[in-house]
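Engineer: Sending over a structure as structure tokens; questions will come in a sec.
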Amino acid sequence: MMRCRRLAVSRRKFATLPSAAALLFTIVIAAVAKPLAGQGTTQCVLEFEGVNTRSAMIQLPSERFNVFQGGGVTYHCRGQGNTLKADSAEYYGDLSVLFLIGNVHYTETRAKVDSDRMTYFQIEDRLHAEGNVNVRLQTGSTMKGPAMDYYRITPTRPMTRTIATGRPTMRVVQRSTAAEPPAPVAVVANTIVAEGDNLVYASGQVEITRPDVVAKSDSAFLDGQREFARLMREPSVESRKDRPFTLRGGTIDLFSRNKKLERVVATPNGHALSQDLELVADSVDLRILGDELQQVMAWGKTSRARALSPDREIIADSIDARMPGQRLREVRATGAAYANSAPDSLRISSLERDWIRGNSIIAEFDSIAPGDTAAKPQAKRIAADGAASSYYQIPAEGAGRNLPNINYVRGRLITILFDGKAVSTVDVQDQAAGVYLEPTTAGPAVTAPISSPQSSAPRRNPPAPASAPPAGQTRRDLQ
Numbered sequence: 146m147m148r149c150r151r152l153a154v155s156r157r158k159f160a161t162l163p164s165a166a167a168l169l170f171t172i173v174i175a176a177v178a179k180p181l182a183g184q185g186t187t188q189c190v191l192e193f194e195g196v197n198t199r200s201a202m203i204q205l206p207s208e209r210f211n212v213f214q215g216g217g218v219t220y221h222c223r224g225q226g227n228t229l230k231a232d233s234a235e236y237y238g239d240l241s242v243l244f245l246i247g248n249v250h251y252t253e254t255r256a257k258v259d260s261d262r263m264t265y266f267q268i269e270d271r272l273h274a275e276g277n278v279n280v281r282l283q284t285g286s287t288m289k290g291p292a293m294d295y296y297r298i299t300p301t302r303p304m305t306r307t308i309a310t311g312r313p314t315m316r317v318v319q320r321s322t323a324a325e326p327p328a329p330v331a332v333v334a335n336t337i338v339a340e341g342d343n344l345v346y347a348s349g350q351v352e353i354t355r356p357d358v359v360a361k362s363d364s365a366f367l368d369g370q371r372e373f374a375r376l377m378r379e380p381s382v383e384s385r386k387d388r389p390f391t392l393r394g395g396t397i398d399l400f401s402r403n404k405k406l407e408r409v410v411a412t413p414n415g416h417a418l419s420q421d422l423e424l425v426a427d428s429v430d431l432r433i434l435g436d437e438l439q440q441v442m443a444w445g446k447t448s449r450a451r452a453l454s455p456d457r458e459i460i461a462d463s464i465d466a467r468m469p470g471q472r473l474r475e476v477r478a479t480g481a482a483y484a485n486s487a488p489d490s491l492r493i494s495s496l497e498r499d500w501i502r503g504n505s506i507i508a509e510f511d512s513i514a515p516g517d518t519a520a521k522p523q524a525k526r527i528a529a530d531g532a533a534s535s536y537y538q539i540p541a542e543g544a545g546r547n548l549p550n551i552n553y554v555r556g557r558l559i560t561i562l563f564d565g566k567a568v569s570t571v572d573v574q575d576q577a578a579g580v581y582l583e584p585t586t587a588g589p590a591v592t593a594p595i596s597s598p599q600s601s602a603p604r605r606n607p608p609a610p611a612s613a614p615p616a617g618q619t620r621r622d623l624q
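Each residue of the sequence shown is one higher than the one before, starting from 146 at the first, in my numbering.
Below, the structure is given as structure tokens:
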């Protein structure tokens, strides 16, 4: 309302400037925009150019001017190589503010900004754009949204700064010397802040999309030069390839090299889930090659690492799972390691689970053909080293499901070989001792329950079974 009344007054007091007076008007605007006392000479001094522009001016008590223009306007900052274009403009001299309305285009070496409306704050060297804002940075990255502030470089501001609100979308172009440039990274958030050519801050329902990987969090930070990103507050990273995996935690850090994601670390409360393995620990570290999960490491101080495969559970101070081609091959557990599994339910009737423990455990799994996406890896060898003990149920002779034979042993090193899901060989080295129990009567057809991530974990040192054999079984001491 105030602008309309002022414009009406200006038309009564001042004649509209003809196009022939463009040069005179340029001189006036330059005088209006002269730096204030105490300000550096690098402040933008606005210069106007236009042939068919209609202009009206009001001189203020401060000897500055309010200017109203239509019919197409073009402004420059003297000697700074930038351009402001719009259908119409209003300039308020005492405020040093330029309003641009309709088909606004701003251009400089580092950025281009298009919008429906734009306000240029001359003293701050800041542009505020509204309505269909489209920003293109020097790096090729783009940002689109309803509103944006762009801060130009000044002696006290060494980098450009772009702040976009209203849930904008930013596409970060990754510079590369490769023949095939990497695909842009898409960032969507309630607010996005870009500083210079490499730094991006995002907050509020952040979604970051890379080829085959989607990351979500409440806030995020990306450093393009270091190829590093951090996700904070309920973050998650999800791979969407043929064999997907998901990682969650308190904070997630992503490390890339040559624009390829190669490491993801979640801490605290790390939780990794793939088709073959689930891993829970204070810290979970994923190693990635060619967009495929290759290795998972887990450790913790407040809670122990816990790994679960389809029919097996491993608990230790730290766990290292090797899975080349995103297929489980080997699990190494260190520090009071404990593993349990369900017995062969086709031949064994039991509510108990098999287990093995030691200072460390190494579990090896069968290789599976890459084309077999449905098959689950089966353990073929498990070895416990250091104060080792094991409790395994072995199918009794005869057909059908019966009570099992029980093999409990202790020693320095225990190695167990499997034939399918059944134990085929138990080998004990050094300080060997144990018992072998056989059932005397047939038992009910029951099956051991399968462990789940939510089930209670065993204690750090699970107790050995009672020395007396269960009812219906006889005892043989192992020499």
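The beta carbon of each residue, even a glycine, is placed where N, CA and C say it ideally should be.
List the endpoints of the continuous beta strand (DSSP E) containing Asn248.
Structural biologist: Locating residue 248 in the sequence shown gives position 103, where the first residue counts as 1. Asn248 -> beta strand (DSSP E) spans Val242 to Thr252.
Engineer: Indicate the three-state DSSP secondary structure (helix, strand or coil) for Leu215 in the structure shown.
Structural biologist: As a first step, residue 215 is located in the sequence shown; it is residue number 70 there, counting from the start. Sequence check: residue 215 is Gly here, not Leu. Looking at Gly215 - three-state DSSP - the assignment turns out to be strand.
Engineer: Give me whichever residues DSSP pairs with Ala339 in a beta bridge.
Structural biologist: The residue given as residue 339 occupies position 194 in the sequence shown. According to DSSP, which records beta bridges pairwise, Ala339 is partnered with Thr307 and Val345.
Engineer: Grab me the residues of Asn414's own chain with a C-beta within less than 8 Å of its C-beta, minus the 5 sequence neighbours each way, in chain order.
Structural biologist: Here residue 414 refers to the residue found at position 269 when the sequence shown is read from its first residue. Counting only Cβ-Cβ distances below 8 Å, and skipping sequence neighbours, we find Arg393, Gly394, Gly395 and Asp427.
Engineer: If I'm right that Ala450 touches Trp444 with Cβ under 8 Å, what's the distance once you round it to whole angstroms?
Structural biologist: Stepping through the sequence shown from its first residue, residue 450 is reached at position 305. Stepping through the sequence shown from its first residue, residue 444 is reached at position 299. Correct: roughly 6 Å between the Cβ atoms.
Engineer: Quick one: grab the DSSP three-state call for Gly394.
Structural biologist: On the sequence shown, residue 394 is found 249 positions in, with the first residue counted as 1. Gly394: coil per DSSP, three-state reduction.
Engineer: Look up Pro300 in the DSSP assignment and give the residues it is bridged to.
Structural biologist: Translated into positions along the sequence shown, residue 300 becomes position 155. In DSSP, Pro300 forms no bridge with anything.
Engineer: Would you grab the beta carbon distance between Asp575 and Arg557 for me? Rounded to a whole angstrom, and I think it's under 8 Å.
Structural biologist: Walking along the sequence shown from the start, residue 575 turns up at place 430. Walking along the sequence shown from the start, residue 557 turns up at place 412. Confirmed, about 4 Å.
Engineer: Determine the direct distance from the alpha carbon of Glu437 to that of Ala365, and round the result to whole angstroms.
Structural biologist: As a first step, residue 365 must be located in the sequence shown, where it is residue number 220. As a first step, residue 437 must be located in the sequence shown, where it is residue number 292. One C-alpha to the other measures close to 23 Å.
Engineer: For Gln204, which beta-bridge partners are listed by DSSP?
Structural biologist: Translated into positions along the sequence shown, residue 204 becomes position 59. Partner(s): Phe210.
Engineer: Rounding to the nearest angstrom, what Cα-Cα distance links Ala201 and Ser233 in this structure?
Structural biologist: Within the sequence shown, residue 201 is the residue found at index 56, counting from 1. Within the sequence shown, residue 233 is the residue found at index 88, counting from 1. Going by the C-alpha atoms only, they are around 12 Å apart.
Engineer: Just to confirm, is the Cβ distance from Phe390 to Leu418 under 8 Å?
Structural biologist: Residue mapping note: residue 390 aligns to position 245 of the sequence shown, counting from 1. Residue mapping note: residue 418 aligns to position 273 of the sequence shown, counting from 1. Yes, the Cβ-Cβ distance between Phe390 and Leu418 is below 8 Å.
Engineer: Just list the residues that DSSP pairs Asp259 with in beta bridges.
Structural biologist: Start at 1 with the first residue of the sequence shown, and residue 259 comes out as number 114. DSSP lists His250 and Asn279 as partners of Asp259.
Engineer: Reducing DSSP to helix, strand and coil, say where Pro142 ends up.
Structural biologist: Nothing in the structure corresponds to residue 142, since the chain is present only between 146 and 624.
Engineer: Can you list the beta strand (DSSP E) stretches of 3 or more residues lying completely in the segment 513-584, in chain order?
Structural biologist: Correct list: 524-539, 550-564, 567-574 and 578-584.
Engineer: Can you say whether Pro540 is buried or exposed, counting buried as having 16 or more other CB atoms within 10 angstroms of its CB?
Structural biologist: Taking the sequence shown and counting its residues from 1, one reaches residue 540 at position 395. That one is buried.
Engineer: Please classify Pro356: is it buried, with 16 or more other beta-carbons within 10 angstroms of its beta-carbon, or exposed?
Structural biologist: By one-based count along the sequence shown, residue 356 stands at place 211. Pro356 comes out exposed.
Engineer: How many angstroms separate the CA atom of Leu406 from the CA atom of Tyr483?
Structural biologist: What you label residue 406 is simply residue 261 of the sequence shown in a count that begins at 1. What you label residue 483 is simply residue 338 of the sequence shown in a count that begins at 1. Going by the C-alpha atoms only, they are around 33 Å apart.
Engineer: Closest by CA to Leu496, which one among Asn485, Ser505 and Asn504?
Structural biologist: Here residue 496 refers to the residue found at position 351 when the sequence shown is read from its first residue. It is Asn485.
Engineer: If you drop the 5 nearest sequence neighbours on each side, which residues of the same chain put their C-beta closer than 7 Å to that of Arg467?
Structural biologist: Within the sequence shown, residue 467 is the residue found at index 322, counting from 1. Excluding sequence neighbours, Arg467 sits near Gln440, Arg474 and Glu475.
Engineer: With burial defined as no fewer than 16 other Cβ atoms inside 10 Å of the residue's Cβ, what is the status of Val409: buried or exposed?
Structural biologist: Position 264 of the sequence shown, counted from the first residue, corresponds to residue 409. By the 10 Å Cβ count, Val409 comes out buried.
Engineer: Starting from Lys405, trace the beta strand (DSSP E) in both directions and tell me its first and last residue.
Structural biologist: Counting from 1 along the sequence shown, the entry for residue 405 is found at position 260. Looking at the DSSP string, the run of the beta strand (DSSP E) that includes Lys405 is Lys405 to Thr412.
Engineer: Write down the C-beta distance between Thr219 and Gly195 rounded to the nearest angstrom, noting that I regard them as a contact closer than 8 Å.
Structural biologist: Taking the sequence shown and counting its residues from 1, one reaches residue 219 at position 74. Taking the sequence shown and counting its residues from 1, one reaches residue 195 at position 50. With a Cβ gap of about 6 Å, Thr219 and Gly195 count as contacting.
Engineer: Using the three-state DSSP reduction, which class does Gln225 fall into: helix, strand or coil?
Structural biologist: Working through the sequence shown from its first residue, we reach residue 225 at position 80. Coil at Gln225, not helix or strand.
Engineer: What separation, rounded to the nearest whole angstrom, lies between the Cα atoms of Ser164 and His273?
Structural biologist: Taking the first residue of the sequence shown as 1, we reach residue 164 at position 19. Taking the first residue of the sequence shown as 1, we reach residue 273 at position 128. Reliability fails at Ser164, whose pLDDT of 43 lies under 50, so the model's placement of it is uncertain and the value that follows must be treated cautiously. Each residue's alpha carbon lies about 29 Å from the other.
Engineer: Hey, quick one: how far does the beta strand (DSSP E) through Leu191 stretch, first residue to last?
Structural biologist: Position 46 of the sequence shown, counted from the start, is the residue given in the question as residue 191. It spans Leu191 to Glu194 - the beta strand (DSSP E) in which Leu191 sits, taken as one unbroken run.
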